[in-house]
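Step one of this worksheet: look at the structure below.
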Amino acid sequence: MRFPYGLSDFSKLIQDGYFYQDRTDRIPLLEAAGDQLIFIRPRRFGKSLLLSMLEHYYDVNRAAQFEALFGHLAIGRNPTPRHNQYFVMKWDFSLVKAQGEVKDIEAALHQHLNDRMAQFAANYASHLTQPVTLRPDNAISSLESLLSATRAAGRKLYLLIDEYDNFANDVLMAGQKQEFYEALLYGEGLLKTVFKAVKAAAGGLGLDRVFITGVSPVVLSDMTSGYNVGENIYLDATFNDLCGFTEAEIAAVLARMAEEGSSWSAAEALETMRTFYNGYCFSETGGERLYNSTLSLYFLKALQTKGCYPQEMLDENLAMDRGKLAYIAQLPHGEAVLIQALNGAEGVIIPRLARRFGVADVLTAVKDQPFMASLLYYFGVLTFAGRGVLGKAILNIPNLVARSLYVERLRELWLPTYEDRQTIPRLAETVYLKGDLAPLVAFIEQRYLPVLSNRDYRWTNELLVKIAFLTLLFDDRLYMMVSETEVDHGYSDLSLIVRSDMRRFQALDLLLEFKYLGLKDLGLSGEQVRESTAAQLAALPLIRAKLAEAADQAQRYGAALRTRYGLTDLRLFAVVGVGLERVVWQAIQPVEP
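Position 292 of the sequence shown, counted from 1, bears residue number 292 in full-length UniProt numbering, the numbering being contiguous throughout.
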């Protein structure tokens with residue numbers, strides 16, 4: 001089995017014998033959904049491969065290849081009448097240089113469209129009865145010539161547009177070219193004119209079908225008057241798994257790999273992949289949770305070629321997603337949204353997902369929590385988790401890889417110095433190797449809590465205390481580290497389970513349960529709490545009761561985790577935050593079953 005990591009050419013995948021998870025059974029559903037479709041998914045979720053599959057299915061030039069490419073797939077056994085009936089043209093706006101002055105960007109867009117139309121003319125030269133005239137400074141005129149040649153040939157056009165929102169994403173992340181973007185998409189801007197031409201072409205001028213992909217709907221609002229005929233299918237439950245893998249599909253691949261001979265366990269590999277890569281849902285009405293396709297192929301290829309898991313579970317090709325969290329974090333109250341997202345039990349609750357917003361909204365409008373959470377959803381670092389009170393949408397972090405991006409961003413914001421970055425690994429290793437929280441707690445009290453107490457947060461409770469430990473102990477190289485792990489009809493606060501491939505080292509399995517008491521609860525001042533010893537604080541009745549409550553939960557959840565993962569030495573801890581001043585903790589001796 002060969003895994004097509006980084007490949008999006010459908011014919012190469014099929015002809016060279018790469019793994020391909022069949023999605024061709026969705027072609028009839030896509031045809032029925034509409035003539036002009038808009039499909040949005042996060043980066044690296046297989047959108048380009050989907051477009052390539054559609055291109056090969058509908059292209060008249062590939063009719064002779066139909067059996068070889070599709071005969072063994074679902075659609076090959078029951079093809080639709082439209083297969084291999086179209087001239088197909090593909091535009092990829094990610095290839096358009098978005099730097100320079102407006103005239104430079106416009107020239108790059110004209111060049112890309114003309115290059116694709118020149119390729120079209122070469123591809124279908126044997127079918128065309130009149131030439132396609134290209135005008136280097138006017139791609140709209142070139143398109144009119146192409147459509148005229150298409151009609152004269154007695155064929156219709158299928159247009160595929162990949163990364164339609166590339167310009168907007170560049171503006172969003174760079175935050176410096178608003179006037180350039182407005183010149184391209186507002187008024188009679190070139191990009192808006194392009195989409196107006198697409199709309200006109202679909203009105204009887206030879207363009208029969210359009211399929212558009214992108215990362216977010218940020219352009220849709222701005223181009224509404226230019227292109228208001230597209231049907232959005234990205235939240236349709238029918239197409240929830242149009243891209244990405246289901247757990248059953250991942251399990252089947254691992255089982256097949258294991259049959260070919262391996263030193264690893266398919267069940268353990270699935271557990272690891274589930275923790276790191278699963279969890280995406282793209283339907284507001286619910287649906288099966290999905291695995292990120294690029295990350296899954298990254299893992300599977302490493303497992304096959306090296307016989308072990310990749311050391312770094314986050315593929316660096318997705319590292320640029322860090323910039324999107326950095327964008328949110330720098331917005332007013334953006335940090336608070338990231339903190340709330342890390343509260344796994346609750347997630348982020350918003351009235352509804354924002355479906356249409358323009359670049360002006362992104363750059364200048366007030367950014368409330370629903371707006372920021374919606375952007376995080378489209379970026380792929382939040383996902384649907386259900387409905388809450390009054391039908392509000394609950395969004396949570398899909399998996400451990402996405403969680404690592406949040407942890408990294410908050411740690412960089414709160415503890416940015418060189419000294420912090422040198423100290424944190426040493427403190428964490430003391431916990432990993434010895435189960436001793438004392439040095440880490442001292443650092444939290446002396447360095448971390450003062451930082452948090454100076455920030456304007458609604459939370460002065462166990463969430464901030466838990467996040468302090470989470471950001472300091474997070475290490476997905478060693479651990480499947482999950483906050484709010486569901487066990488025994490409840491949720492453990494923070495569990496650090498050593499990855500199965502890292503058990504040859506000495507790291508301990510850990511479980512921490514957190515509680516919180518405010519200064520008002522204790523009737524003490526901050527100075528009184530700071531001057532007390534840890535033993536004096538632990539002896540206070542309210543703190544003693546909280547420690548006992550946390551210990552009881554740790555015992556119960558620990559027993560469930562030992563059974564689930566076959567653990568023999570799970571270390572348990574009860575932790576109580578006392579205001580944002582002190583942290584009191586106890587190691588808990590597990591109760592033998």
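Glycine included, every Cβ here is placed at the ideal spot set by N, Cα and C.
My assumption, with CB atoms under 8 Å, is that Asp104 sits in contact with Leu73. Please give the rounded CB distance. With a Cβ gap of about 43 Å, Asp104 and Leu73 do not count as contacting.
Can you list, in chain order, the residues of its chain whose CB lies under 6 Å from that of Arg380, leaving out five sequence neighbours each side? Per the sequence shown, residue 380 should be read as Gly rather than Arg. Counting only Cβ-Cβ distances below 6 Å, and skipping sequence neighbours, we find Pro42.
Of the choices Ala538, Ser148, Thr294, whose alpha-carbon is the least far from that of Tyr5? If we check each option's Cα against that of Tyr5, Thr294 comes out closest.
Reducing DSSP to helix, strand and coil, say where Leu524 ends up. coil
For Leu472 and Leu519, I'd like the C-alpha separation in whole angstroms. 25 Å
List the endpoints of the continuous alpha helix (DSSP H) containing Trp414. 400-414
Compare the beta carbon distance of residue 613 and Leu37 with 8 Å and say whether it is the shorter of the two. In the structure as shown, the chain starts at 1 and stops at 593, and residue 613 therefore has no counterpart that could be examined.
From the DSSP output, in three-state form, read off Ser492 for me. strand
Return the bridge partner residues of Trp91 from the DSSP annotation. Listed as beta-bridge partners of Trp91 by DSSP are Ile161.
Asn240: which of Ala267, Ala107, Thr383 sits nearest, CA to CA? Thr383
Starting from Asp104 and walking both ways along the beta strand (DSSP E), at which residues does that stretch end? Here Asp104 belongs to no beta strand (DSSP E); instead the alpha helix (DSSP H) covers 102-123.
Given a threshold of 16 other Cβ atoms within 10 Å of its Cβ, counted over all protein chains shown, does Gly307 qualify as buried or as exposed? exposed
Is Gln536 helix, strand or coil when you go by DSSP? helix
Rounded to whole angstroms, what is the Cα-Cα separation between Lys97 and Phe70? 35 Å
Determine the extent of the alpha helix (DSSP H) in which Ile233 is found, giving its start and end residues. Careful: Ile233 lies outside any alpha helix (DSSP H) and carries neither H nor E.
In whole angstroms, give me the CA-to-CA distance for Leu437 and Val431. 6 Å
Going by alpha carbons, who is nearest to Val591 out of Gln553, Val576, Gly579? For the residues Gln553, Val576, Gly579, the minimum Cα distance to Val591 belongs to Gln553.
Let me check one thing: in DSSP terms, what residues is Gln586 bridge-paired to? Ala574
Output yes or no for whether 8 Å exceeds the beta carbon distance between Met117 and Leu160. no
Which residues bound the alpha helix (DSSP H) around Tyr516? Counting along the chain, Tyr516 falls outside any alpha helix (DSSP H), though it belongs to the beta strand (DSSP E) covering 509-517.
Should Ala545 be listed as close to the ligand GTP, given that the test is whether its C-beta is under 7 Å from any heavy atom? With respect to the ligand GTP, the structure shown offers nothing to examine, as it has no ligands at all.
From what residue to what residue does the beta strand (DSSP E) around Arg387 run? 383-387
Consult DSSP for Asp282 and reduce its assignment to one of helix, strand or coil. Reading the sequence as shown, one finds Phe at residue 282 and not Asp. Coil.
Taking the straight line between their C-alpha atoms, what separation do you get for Leu254 and Leu547? 43 Å
Among the residues of its own chain, which have a CB less than 7 Å from the CB of Tyr298, if the five just before and after it don't count? So the qualifying residues of the chain are Tyr5, Pro310, Asp315.
With H, G and I counted as helix, E and B as strand and the rest as coil, what does DSSP make of Thr568? Correct three-state label for Thr568: coil.
Enclosing beta strand (DSSP E) for Thr213 [first to last residue]: 207-214
Who are the near neighbours of Gly206 in its chain, counting only those whose CB is closer than 7 Å to its CB and skipping five residues on each side? Non-local C-beta neighbours of Gly206 in its own chain, meaning closer than 7 Å and more than five positions away in sequence, comprise Leu147, Thr150, Arg151, Lys156, Leu157, ordered along the chain.
List the whole-angstrom C-beta distance separating Leu561 from Ser492, where the pair is believed to meet the contact cut-off of C-beta under 8 Å. 7 Å
I need the straight-line Cα distance from Val229 to Gly203, nearest angstrom please. 10 Å
Using beta-carbon positions only, say whether Phe357 and Ser221 come within less than 8 Å of one another. yes
Do you know how far the Cα of Leu300 is from the Cα of Glu268? 13 Å
If we count the other Cβ atoms within 10 Å of its Cβ and call it buried at 16 or more, is Ala535 buried or exposed? Exposed, because fewer than 16 other Cβ atoms sit within 10 Å of the Cβ of Ala535.
Beta-bridge pairing of Asn396 - partner residues as DSSP gives them: Thr383
Note the first and the last residue of the continuous beta strand (DSSP E) segment covering Ile350. 348-350
Please list the terminal residues of the continuous beta strand (DSSP E) segment that includes Phe19. That residue, Phe19, is in no beta strand (DSSP E); it is neither H nor E in DSSP.
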